[in-house]
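Letter 114 of the sequence shown, counting from 1, is numbered 114 in the working numbering, and no numbers are missing.
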Amino acid sequence: MFNRTKDLKLSIIKQIELRASKYTDVVSLAQGIPNFDTPQSIKGRVENALRRGAVAKYSLSPGLPELREQIEISLARENMFYDWEKEILVTAGSIEGITATILAITEPGDEIIIPEPTYTSYREVIILAGCQPVFVPLDEERGWAFDLEKYEKAITPKTKAIFYCNPNNPTGTIYSKEQLLGLAELAKKHNLFLISDEVYKDFIYTNNKERIFSLAEIPELRKKVIRIFSFSKAYALTGWRVGYVHSDESIIKEIVKVHDCLVTCAPTISQYAALGALEMGDSDLEYFTKEFQKRRDLICDRLDNLGHVFSYVRPNSAYYVFPKINAQYLEGKKDPSWDFALEILDKAQVAVVPGFAFGPNGEGHLRISFGRSEDDINKAFDRLDRYFK
1 MFNRTKDLKL SIIKQIELRA SKYTDVVSLA QGIPNFDTPQ SIKGRVENAL RRGAVAKYSL
61 SPGLPELREQ IEISLARENM FYDWEKEILV TAGSIEGITA TILAITEPGD EIIIPEPTYT
121 SYREVIILAG CQPVFVPLDE ERGWAFDLEK YEKAITPKTK AIFYCNPNNP TGTIYSKEQL
181 LGLAELAKKH NLFLISDEVY KDFIYTNNKE RIFSLAEIPE LRKKVIRIFS FSKAYALTGW
241 RVGYVHSDES IIKEIVKVHD CLVTCAPTIS QYAALGALEM GDSDLEYFTK EFQKRRDLIC
301 DRLDNLGHVF SYVRPNSAYY VFPKINAQYL EGKKDPSWDF ALEILDKAQV AVVPGFAFGP
361 NGEGHLRISF GRSEDDINKA FDRLDRYFK
């Protein structure tokens, strides 16, 4: 009866949070929610729109013109040049943009290559579209880097796209320009789309602080690259559900059709929040980034103290670390990372996400969020220290 949904699964992240909610004193480092409130400057922009009665009606399906104009300006600052009228679509968060994109560009039976470990919901969207996810492992020994030979071997006549997030969720990896250009060559050679989810692009913890390179900067790739962004993480707007997609006009005009079927338009009130973020959110974004870097350093220090339990690659972006669980702690476990995550949830009341949720190559790992407060991080690791002592 439910053929379209029979192979879909509720996100493992949501399953962990639901289980954690049964404990009265749990500390959750699971779901990727920043602990910050929406900045006052953004709230003020929304309050002004409310007073003017501007939020009670639908916007145009592609989004408020003034917001799309601001997105065009912000993209141009990052060397990406797209027409706000024809090539920028405001969405109800990044996942709606991803869903509309995949439904628009694929046909049932197509294959989409995904570097993994990667964000859990990508698989479900691909399955929903009647397509097949093809997982290609990242190389943990090289800091979770692409192995381009493996990508080429994974391409078949059914392959329609390569879909990746940069920076990576859950590893916090920033892919180099060289690696991305290698993907671009494969896309040109095999006539593939490149779907790039760049939700965490603003959080950079490397010494040089250079902005993240995007293939959307290359004019000759504009009919290959579909780039997705969300305001959720960068501006503490997770509950507002607003993001955008941009690509060549020939692609966006097809994605808009699906977007209109799914949601009509992104919530108008949330579009004014996004407008406030672009107009006045730079100082807040800078503050959030500094705070997340401090928390990254804190959580790595705490992991170092549990070196007999975990090893890890230090993340340079996002707000996750993806430690590998030492083998002795997985012995005898039927579903290693899932059983381990439930063990520390049930016995230490600390919620984290099992690595298998992010693809086969994530098995044996955990995703731990440092988007939460320093107090929560310390409280969680105090419990883990006691449990593993």
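Here a beta-carbon is modelled for each residue, glycine too, at the ideal position from N, C-alpha and C.
It should be emphasised that the depicted structure is a prediction, and the values quoted were computed from it without experimental measurement.
Span separating the alpha-carbon of residue 156 from that of residue 108: As a working mapping, residue 156 is identified with position 156 in the sequence shown. As a working mapping, residue 108 is identified with position 108 in the sequence shown. Roughly 15 Å between the two C-alpha positions.
Uninterrupted beta strand (DSSP E) stretches inside the region 118-166 (no shorter than 3 residues): 132-137, 159-165
Rounded straight-line distance, which links the Cα of residue 367 to that of residue 320: Taking the sequence shown and counting its residues from 1, the one referred to as residue 320 is at position 320. Taking the sequence shown and counting its residues from 1, the one referred to as residue 367 is at position 367. Taking the straight line from one Cα to the other gives about 6 Å.
Beta-carbon gap between residue 324 and residue 365 smaller than 9 Å: Here the question's residue 324 lines up with position 324 in the sequence shown. Here the question's residue 365 lines up with position 365 in the sequence shown. Yes. Within cutoff.
Cβ-Cβ separation, residue 91 to residue 266 (assumed contact under 8 Å), whole Å: Start at 1 with the first residue of the sequence shown, and residue 266 comes out as number 266. Start at 1 with the first residue of the sequence shown, and residue 91 comes out as number 91. Sure, about 6 Å apart at Cβ, within 8 Å.
First and last residue of the uninterrupted beta strand (DSSP E) at residue 336: In the sequence shown, residue 336 corresponds to position 336, counting from 1. Run containing residue 336: none in the beta strand (DSSP E); it sits in the alpha helix (DSSP H), 336-348.
From 125, 241, 179, 253, residue whose alpha carbon lies closest to that of residue 272: Along the sequence shown, one-based indexing puts residue 272 at 272. Nearest option by C-alpha distance: 241.
Helix, strand or coil at residue 387 according to DSSP, with G and I counted as helix: The count along the sequence shown starts at 1 and reaches residue 387 at position 387. Note: residue 387 maps to helix in three-state DSSP.
Cβ contact check for the region 77-97 and the region 280-295: 3 or more pairs under 8 Å: no
Cβ-based neighbour list, residue 37, same chain, cut-off 8 Å, excluding 5 preceding and 5 following: Locating residue 37 in the sequence shown gives position 37, where the first residue counts as 1. Around residue 37: 236.
Whole-angstrom distance between residue 148 and residue 363, CA atom to CA atom: Locating residue 363 in the sequence shown gives position 363, counting from the first residue. Locating residue 148 in the sequence shown gives position 148, counting from the first residue. Going from the Cα of residue 363 to the Cα of residue 148 covers about 22 Å.
Residues near residue 278 by beta carbon distance below 6 Å, same chain, minus five either side: By one-based count along the sequence shown, residue 278 stands at place 278. Correct list, in chain order: 70, 74.
Residue 91 (DSSP reduced to helix, strand or coil): To locate residue 91, count along the sequence shown from 1; it is residue 91. Strand.
Opposing strand residues paired with residue 369 [DSSP bridges]: Here residue 369 refers to the residue found at position 369 when the sequence shown is read from its first residue. Note: residue 369 sits in a beta bridge opposite 320.
Separation of residue 53 from residue 357, as counted between CA atoms: In the sequence shown, the residue the question calls residue 357 occupies position 357. In the sequence shown, the residue the question calls residue 53 occupies position 53. Roughly 43 Å separates the two Cα atoms.
Per-residue burial, residue 246 [other beta carbons within 10 Å of its own, 16 or more giving buried]: Walking along the sequence shown from the start, residue 246 turns up at place 246. Under this definition residue 246 is a buried residue.
Straight-line Cα distance separating residue 234 from residue 202: Here residue 202 is taken as the residue at index 202 of the sequence shown, counted from 1. Here residue 234 is taken as the residue at index 234 of the sequence shown, counted from 1. Distance between the alpha carbons of residue 202 and residue 234: 7 Å.
Same chain, Cβ closer than 6 Å to residue 420, neighbours up to 5 away in sequence not counted: Residue 420 is absent from the structure shown; the chain starts at 1 and stops at 389.
Close Cβ partners of residue 223 (< 6 Å) along its chain, the five nearest in sequence each way excluded: Locating residue 223 in the sequence shown gives position 223, where the first residue counts as 1. 248, listed in sequence order.
Beta-carbon contacts of residue 348 that lie in its chain and below 7 Å, excluding the five residues immediately before and after: Counting from 1 along the sequence shown, the entry for residue 348 is found at position 348. The residues are 383, 384, 387.
Opening and closing residue of the beta strand (DSSP E) in which residue 246 lies: For the purposes of this step, residue 246 is taken as residue 246 along the sequence shown, with counting starting at 1. That run of the beta strand (DSSP E) goes 243-246.
Cβ distance (whole Å) where residue 115 is taken to contact residue 138 below 8 Å: Locating residue 115 in the sequence shown gives position 115, counting from the first residue. Locating residue 138 in the sequence shown gives position 138, counting from the first residue. At roughly 5 Å, the Cβ-Cβ gap stays under 8 Å, so residue 115 and residue 138 are in contact.
Bridge partners - residue 116, DSSP secondary structure assignment: Taking the first residue of the sequence shown as 1, we reach residue 116 at position 116. Answer is 137.
With 16 other Cβ atoms within 10 Å as the buried cut-off, status of residue 302: Taking the sequence shown and counting its residues from 1, the one referred to as residue 302 is at position 302. Buried is the call here.
Sufficient close CB pairs (3 or more, under 8 Å) joining the region 43-51 to the region 16-25: no
Buried or exposed by the 16-neighbour rule on C-beta atoms within 10 Å, applied to residue 77: Here residue 77 refers to the residue found at position 77 when the sequence shown is read from its first residue. It counts as exposed.
Inter-residue Cα distance where the pair is residue 393 and residue 190: Residue 393 lies beyond the stretch modelled for the chain, which goes from 1 to 389, so this question has no answer here.
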